[in-house]
Every structure is written in structure tokens, then in C-alpha cells.
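Scroll down for the structure; my scribbles are underneath it.
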Amino acid sequence: MDLKYVPTTCCYCGCGCGLYLKVAGERIIGAIPALNHPVSQGRLCVKGLNCWEIVDHPDRLRLPMVKKDGRLVEADWDEALDLIARKLLELKTQHGPQALGMWGSARSTNETNYLAMKFARTVIGTNNVDHSARHCQAPTIAGLGRAFGLGAMTNSIDELRNAQVLFIIGSNPTEAHPLVGYRVREAKDRGAKLVVADPRRTDVARWADLHLQHYPGTDITLLNALMNVIIAEELQDKPYIENRLDGFDELRAAVEKYTPDYAAPICGVEPSLIRDAARLLASAKPMATLYTLGITEHTTGTDNVLSVANLAMITGNVGIESGGVNPLAGRNNGQGACDMGMLPDFFPGYQSVTDEKTRQKFEKAWGAELPKEAGLTATDQMIQAREGKIKALYIIGEDPLSSSPNLDHARQAFESLEFLVVHELFMTPTAEQADVLLPVASFAEEEGTYTNTERRVQRVRAAVDPIPEAISSRDILVEVAQRMGGESWEHRDPAEIWKELVSLSPLFAGIKYGRLEEGGLQWPCPKAAHPGTVFLHKDEFTRGRGQLHGLADRPPAEVPDEEYPFILTTGRMRFHDTVGTMSRRTTLLRREFPRMFVQLHPEDAERLGLAPGEAATVSTRRGALTVDVQITDRIKKGVLWMPFHFAETPANRLTLDAFCPVSRTGEYKACAAKVEKGGSG
Amino acid sequence: MKISDRFTTRDDLAEALSKLATRATVIAPTKSAQGDVHFLPITEGKEITFIADGESPFGRGNPYNSPKEFFFPDSERLFSFDPAAGHKSIEVPEPAEESIVFFGLHACDVAAVNLMRKFYSRDFLDTYVLQRLRQMTFVSVGCTAVCERGFCNATGTGPFLDRDFDLQLVPLEDNQILVQIGSEAGVALNRRLRFKKAMPEQSQAAKELIAEANGTEPAFDLARVHEALKSGMRPELLSDIADRCQSCGLCLFICPTCSCYTAHDRASARDDTAARLRQWDACYFRGFTRLAGGYDPIKSRQAMVRRKYQHKLLQQIDEFGMSGCTGCGRCNDCCVGNVHWLNNIRQIGE
């Protein structure tokens, strides 16, 4: 009997569950959660349990393709790779390296992202490197970086079970991060108090002691009001503020006007509920705060993060076990791609590209002259592509033509490009636009590491060989680099790439492949004997003292009016991954939720004469979609909710491309919309 | 069947299994690189790892994977075909000629295999499952006490079985093992393993040990649970379970007696074959019962989650005369919503 279990890490969300792939001969036939794993502990969500199915899916891209006469046709590897090298060199020579951009992937391994980042900075010569965290946790890097000195989840997933109080704002962990959702349930069962702020009555909101059902885009109003009550009633942690924080006077002045009575009509939460919540949040320690895209995906994304950090700090909850500020990364390696310097302003390990000494270190190690200025974010690369300034993009495993806000504008950007390279598993709207499209190995067909949301570096293993013709993105990058004259580029195994990376990044210096066999290691891990760091900012913040910020609320870039009277907000479901590329090719997942829908409140539905299951057209100033109606009192009146998993009816046709001025993250979570009965024809 | 008991020692047994592994497939609990114990094929007796427990020489508690996947795999290719050529190209895989010895499972899992055999041999014979089961001989090890997660004494399926096993090992003192033979397959395997005849006092010691282990206080009264379930479940309990359940399906996938599957035709990117695949399915998905047009005869999440309780602890008892839950305990601690199967059964029986 030919059956083996291969331990690896799940390819879906940032929880980073440990699982075994069951391998019979050359096929993966199933998956089972690891018991001896700090995150999964014998559990997995429905996506993880079904993650094996896409590996042999017939839709996998089978051969390299190049565009000829406007059509993608199959090509051999040499032809495809030669074309990439020739075109990139040509465009670099004609327009300079700043006309090119490189996107890594929150789905790919650390080692692939490291090579992609290095390729862009050395072979192309640009800092125009980025990836989908731009529209996810970029405000965390900016915000928590300013407040604490390090923009990452402060504590660990399993600690959450011992929190006394949990504050969840703009996060739906039972859907988007089920193994975090499990810790919330566990904490609640152990007697923790739970406060949830969300426009929808999510699972955790139903479990909550208090549910603050605020309007999308009013987070700072609500948070300032909570802090107003805490400070007015002197519930803040005075010794902690004195000993560890700066900026309290500024914060106090800023929140002074946000009395519950002032905030209530703006955020839509009763003043008494705001008071009760403030008291509950300050009632016990540790209080752990969780947030996700409900906080970050706003034009005020960075300020939202700072505001969340303010509340956690003045209650003395940062730097303690089972407390902290805990942003949850959406993708399996969103954290890792950021860690690897797949960002326009950072080398690996959050070392600034504009710091002279750091740059010299990397120039010496890589034997290349490096650009001195920070590069363009993915957001700005798209804007500049539309303006004709960015000529080529090289995209590894991401699908911005599904995931960008306002897809019409995104499409214009891609149509303006002279050259597009895409690495993918499946055909996607972005892949269709490619001039060269390359089939790559899936998560179960290559070795490497992912880093989960709690900074845990973990092994991912090849359970089977890649399907014929597909190869690892890592190897593709080496081939292209060699063809572009990168003399030092050679094929190396991932452990060797990792070794180079840690030699340049003090945060990860002590992490070696040999130490990752059982459950991984959490950075910072500066030395070989260091056990890794379970929670950050103990005794001292990374930046020294924690920095509070006085913040004013700002409405979303587009607010409801007579013509578009609803607030449209978007989000995740547990049965699907981001743009559904994998989950919608998985039997049980696709079957559970096969179609796009819009959620609205029964009173809104009644007023519009809408019945459950009938077709309605949701439109914004960007576009319209005809979808099924789902009527539920779980959503706030005046608010519409749509998932973003369905490529043929993409919610992002409706969303607005307004961006946080600091992090350049799109405002996916609030725009003005209307609903009409029937199809748009 | 009454065949006289046999006798061996731990060392002799390990050696016998190593030898056997050269001629047959031996599946046994074994430790993986990441530190978990699973049932997997082994090549040497020393790979066998029982889940550590100071008191029970063969450990207690179960590997997380159940024996079910060795005769009813998570997914399998029922037949392959060339999509262009149609039904004439259908090829049904030849079942592998294989003798499989499944060693080291506990009584609860043997009972589960028995139930699955009954389930797949009703009016519709599942030849794939039954063919594999015919190849397998089960060598179970009794537990000297009910394990931490399990509750086999409440479901009448352990810690020792009194019938419907092939070979059942009873750990005696000083690494000695009494071997009970309970079936024709057991007789045949005993012939291959050449165990010696046991002495009457060894059989007597085993009998006493079994009586003591099986006589412990059960976690609930199965008859009361069975009776209570006839009138449904308390609404508070049901709505609590429905509120917690997130439809991952894991408690049903790891259940050694859950038998549902779905089937679909699928080509493979790995080669150019297409196949009819069947894969595990579960009644905790809405898509499991939802019909064309969106109609779902299971009206609520409450009705959906009730099914597991009523099917295993009411219907299957009526149909097979044995509990559909064999008390293995795997699903007590697998839930992202913290649903605890045993605690809920207790509440039903109160």
C-alpha cells in the first residue's frame, strides 16, 4: 500500500495551520489537521480540509503561453523566458528601470518573494516592488510601525484563549480566520468578556456581550468615543501611560469632543452602549484587540490602525501576554511577503531602502547598485500605468483585475501596459491580460516557508512533484535573471536562499530550516539559540516608548446621497478564498456557496419590494452587478454587504478607488450604492 | 466461534510484525516527523508508536486518522475514462492483490469497522469498500481503562470486545500478551504469526482484566439517550450547537463510522486521464441536502446539526443493533466552535 502523510502548512489564510497531506502514489487524496501544531491543534476550517483538491485540478495552467495577435498561445519554456528577458531589458533601456514594476505574492513562499524582491532591485534596478498586502495590511505596517515601532501582530493566536476581554473591530474571524475564531469561542467559554464592533451581526457579534453595530467608515468616531468615556471616567491605566507612552495629552485633547452623545448619530451606536462597552473594555486585563480589513480598507486606514493602537495602549494592554493589538493577515504568506521586503520602501526585515547604511549593506551582499528612493506602491504603479508611465509589470500569483478597487480603472491600467508577465496556477482575469503567462508549482509541489499572521515561520513541503511542465516561481526567476545578465544568479534550494536572507535580516537571524520541523518559530528571533518571540513590546516598545496619536474622524471618500442611498461594504466568507481562484474549483466549497449575492436588512428589502433569492441590481457610480438577494437582520439598516469571491460578478466593479494617503490602501469597505429590483439586462 | 487463546510477548510480537511486513501490508500506529501518531503502513515493528499512557501498555486513545480511510479513502478514483471516447473507454481499476494486517487499533475502531461493513453490505453492496475489507485482518489491542477522550464503555464497544473481532490482544503483566481469536480471518492470521497456546491461568487473568476494564462506570446511559432522542433534542442545546458549528465537516470526516460521500467526474492535470471521483461528504454542509432551485428539506441549522446525534445514537441502533458512535473520542476535541460531542450526549441523556 502506497500511502504517506506529508506535514505542511495550509495555503489559505494567515492562521497558518499545520496539516498533513495524504499522498497515495503521485496523487494527493486528502488532508488531516496536525494535532501537534500550535495553531491547528487538531482543527482545520473547511478550506484547509479541502486544500488538496486544487493540486490536480484540470484547470491548472499546463504550458507557458505567450500572446500572439492578441491571443495567448502555448509556447515552450525557452521561448517564453527569452521573451520576458528581452522585453524587460528593452523597456528598461528605453524608459529606465522606474518604468517597470514587480509584484510578489502573499500566496507564494518567502523564498520566492525574497528572490522576486531581489530580482526587481538588482536585475531591473527598481524599488517598484509590492504585493496584495497593499490592500490588506499596509496600514498595519504604517500605523503600528508609528505607534509601536513594528507593524505586526503583537501577540499569538493561542494566547487569545486566555484573554479576559476581547475587543474585535472590523474582523470576522469565524469566517476569515477560523482558527482565531476558535480561540475567541474558547475564551468566551472560559468566561472572557467579548465586545464586537461590526456593521454586521457576525458569529462573534452574536457571541458577544456587547455588539456595537456601527456604520462602515466610522471607526475613529467610535474608538474616540470609547476613549472619551474611558478618560472621562478615569479608567485608563495611568502608571502604564506614565511609564511607557508618549502623546497622552494630545490624545486626550483629540477625543474630548467625542462624547457618546456626539458620536452616536455619526456612528449609529446608542450612547449608553458606547459607555457600557468602554467600561467593559477597561474592566479587566489582559484585553486583546483583533482587527482585520474592516479597519484597514479605508481612506482612513492608517489612522484607524493608530486609533485601535491608542485604545489598547491607554488601557495598558500592549506588551502583555494574551493582550495586544492583533491584525490578522488574510493570506497564507501575507506576513511573509512583507517580511521579505516585497514592499517599495523596505528591504527584508523592515529595513528602510532610504537608509544609506542599510542600502550599502545590501549593495555589498548583492553586488549591485541599488536605487536610492522608495519605489511606487501597487496602487501608484496602477495609477501610473494608466498614465502611461509604468510600462511593464511582472506579477507572481496575484490577480489585481479581480482584487483591485474599481475594476474599470484597473483594467485601463492593464490595457495601457506594454508588457505583462504573470505566474499563475489558473487562468484569471489578470492572467488573460498577460503577454507571457507561466504555469507554476502549487503549494503542495514545492519546498519553502510561509510566515503566518503571528510571525511564525513554518515549512511548506512538496508532497508531490509539480504537474508536468509547471515549475517553481523561484526557478523561473533565476532563469529570467540569468537571461538578463544576472551573472550571480543560480538555482539554489530554498534552504540556501533562506540562509542568504537571514544573513541580511537581524529579525530572522536565528531561524534555520533545521529549527522549523515542529511548529515553526516566531520572529523576532535574532540568534541561533533564541526561542522566538511569542508576544512583542514586553517591557519596552520596539521604538522605545509607545506613541499615542490624537486623531480626528473623516467620512469615507464617498458617502450615501439621494441617488445612492446605501453604504456598500464587502468581505469574506469561510467557504472561499480571496478572489475564489482556488476555492471555487473545490467541490464542497463551490457547492456550498456557488453564487454571488447581496445582503440587506429586511426593512430595506421590504421598502424596495425585494424577496429572498430574487435578482436585484446593485450599482454604484462605477458599475452595476445583478445578483441574488439575501435578506437578513444580521446587517445594519442602510448597509449592503457583498462577498468579493466571485470573478464573474466581481464586487470590485462597484468599489471605489479612493486610497489611504499614507498606506495607499483602497477603500473597499465603504462606498455609496443603490439596489433595484430585477436584472440590469 | 470458540478457539483457544494464544499467547505472546511484546518483543516477540514486534518481531513477528516486522517479519509479516515483508510479506504483507502492515498498518499500525506510527509517529510522523511532526510528532503526531497516525495509522500508516509500516515496514518494521519498531516503528509502532502507541499514544503514551502510563497505565495502559498499548497506550490509550486513538490516532487522529481512523481505520476507515484504508477501505473508504478520503477520495478515490472509482473508474477512469477518456472523455472523448465516452463510456466505451471506462476502465475500472483492478483491486490490488494485497493482504493487509491492521495492527494496534482499539476496540472502538474495530466496532466502527464492523458497523461500516454492515452499512456497506445492505441492499446495495459497495464492492470497493467490501473488497478492501476482505483483504484486511484486524489485530486490536484492548485498553485496560477507558481513555481520556473516549467513552467506549458507554456505547458498548470497549475497552474490550466480546465478539466480532479477528485477533484481540489483552495486555497482561510483564509485557506478556494474551491473544484472543475471534474469526476465521483471525485463525488464519494466527497461523501465520505462530502464536503459542496460552495457559489456562493466562486466559483467566485476561478474563478478569477484561471484566474489570469493561465494568467501569459509563459516561452516560445509552438506552436513555436512545429513548430521549426519539422525541428530538432540547431546543436550547440544539441552538447552542447550531450557533457554534461552522460547517467544516471535520467531526464527520474523522468519525470512523461516517460513511457519506459525493461523486463527480474530473480530469486530472497530472496526466490525461479523467475519472469518476468519490470523496468524503458530510451532512453538516447545506450543499449536502440542498436541491435544485435552492430548496433544502433540512430547514434550519438546528435540524442539520441534530442529524449526527439522531443518526448515530437512534437510527443506527435501531437498524444495526449497535451504536453508530463507538466512543472513540476523536470528535470531542476537534471543533473550531468548541462543540463537545460527549458532553452533549450526556446532556441528552440527563
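Heads up: the sequence lines are chains A and B, in that order.
Reminder that position 376 of the first sequence reads as 376 in the numbering used here, one-by-one numbering, no gaps.
Position in the second sequence (first residue = 1) + 681 = the numbering used here.
Using N, Cα and C, we set each Cβ at its ideal position, and we do this for glycine too.
Note that the coordinates shown come from a computational prediction; the quantities given were computed from them, not determined experimentally.
- Around the beta carbon of P439(A), 16 or more other beta carbons lie within 10 angstroms, which makes this residue buried.
- At least one beta carbon of chain A lies nearer than 8 Å to the beta carbon of P722(B).
- One Cα belongs to P852(B), the other to K993(B), and the distance between them is close to 30 Å.
- Between the segment 23-31 of chain A and the segment 59-66 of chain A there are fewer than three C-beta pairs closer than 8 Å, too few to call the two in contact.
- In the structure shown, W77(A) adopts helical secondary structure according to DSSP, grouped into three states.
- The C-beta of T943(B) comes closer than 8 Å to at least one C-beta of chain A.
- At a Cβ-Cβ threshold of 8 Å, L49(A) and L721(B) do not count as neighbours.
- Here the alpha carbon of L425(A) sits roughly 20 Å from the alpha carbon of A133(A).
- Straight through space, the alpha carbons of S780(B) and A984(B) are spaced by roughly 43 Å.
- Pairing D78(A) with W366(A), the inter-Cα distance amounts to about 26 Å.
- For N36(A), the chain B residues whose C-beta falls within less than 7 Å of its own C-beta are Q715, G716, D717, listed in chain order.
- For the pair D158(A) and G181(A), the CB atoms are not nearer than the 8 Å cut-off.
- A straight-line Cα-Cα distance of about 28 Å links E250(A) and L328(A).
- Counting only Cβ-Cβ distances below 8 Å, I29(A) has contacts in chain B at P754, D755, S756, E757, in chain order.
- Its chain contains E175, F593, P643, H645 as the residues whose beta carbon lies nearer than 7 Å to that of M573(A), once the 5 sequence neighbours on both sides are disregarded; these appear in chain order.
- Taking 8 Å as the upper bound for CB-CB distance, A232(A) and L212(A) are not in contact here, some 18 Å apart.
- Contact between S171(A) and G294(A) is confirmed by a C-beta separation of about 6 Å, below the 8 Å threshold.
- When the beta-carbon positions are compared, Q381(A) and N113(A) stay at least 8 Å from each other.
- The C-beta of Q360(A) has fewer than 16 other C-beta atoms within 10 Å across all chains shown, which makes the residue exposed.
- Taken atom to atom, the span from the alpha-carbon of Q996(B) to that of L144(A) is near 56 Å.
- Looking only at A892(B), K769(B), L870(B), N795(B), the smallest Cα-Cα distance to F1001(B) is reached by N795(B).
- Residues of the segment 930-962 of chain B with a C-beta atom less than 9 Å from some C-beta of chain A are G930, L931, F934, I935, T943, H945, R947, A948, S949, A950, R951, D952, A955, L958, Q960, W961, D962, listed in chain order.
- The beta-carbon of K193(A) is placed no less than 8 Å from the nearest beta-carbon of chain B.
- Considering only beta carbons, the part of the segment 571-587 of chain A lying closer than 7 Å to chain B consists of R574, T587, in chain order.
- In the three-state DSSP reduction, N856(B) falls in the coil class, being neither helix nor strand.
- Burial state of P199(A) is buried, judged by a 10 Å Cβ sphere holding 16 or more other Cβ atoms.
- By the criterion of a C-beta distance shorter than 6 Å, H37(A) is surrounded in its chain by G18, G519, once the five residues flanking it on both sides are discounted.
- In the structure shown, the three-state DSSP call for T570(A) is strand.
- Counting the other CB atoms within 10 Å of its CB gives Q927(B) a total of 16 or more, which places it among the buried residues.
- Exclusion of the five residues before and after Y942(B) leaves R959, Q960, W961, D962 as the residues of its chain whose Cβ lies within less than 7 Å of its Cβ.
- C671(A) sits in a strand when the DSSP states are folded into three classes.
- Judged by DSSP in its simplified three-state form, G448(A) adopts strand.
- Minimum Cα-Cα distance from F819(B) among the listed residues Q849(B), E917(B), R872(B) corresponds to Q849(B).
- Residues of the segment 992-1023 of chain B with a C-beta less than 8 Å from any C-beta of chain A: D1014, C1015, C1016, V1017, G1018, N1019, listed in chain order.
- Using a Cβ-Cβ cut-off of 7 Å, N746(B) is close to I32 of chain A, given in chain order.
- For R925(B), the chain A residues whose C-beta falls within less than 8 Å of its own C-beta are R185, listed in chain order.
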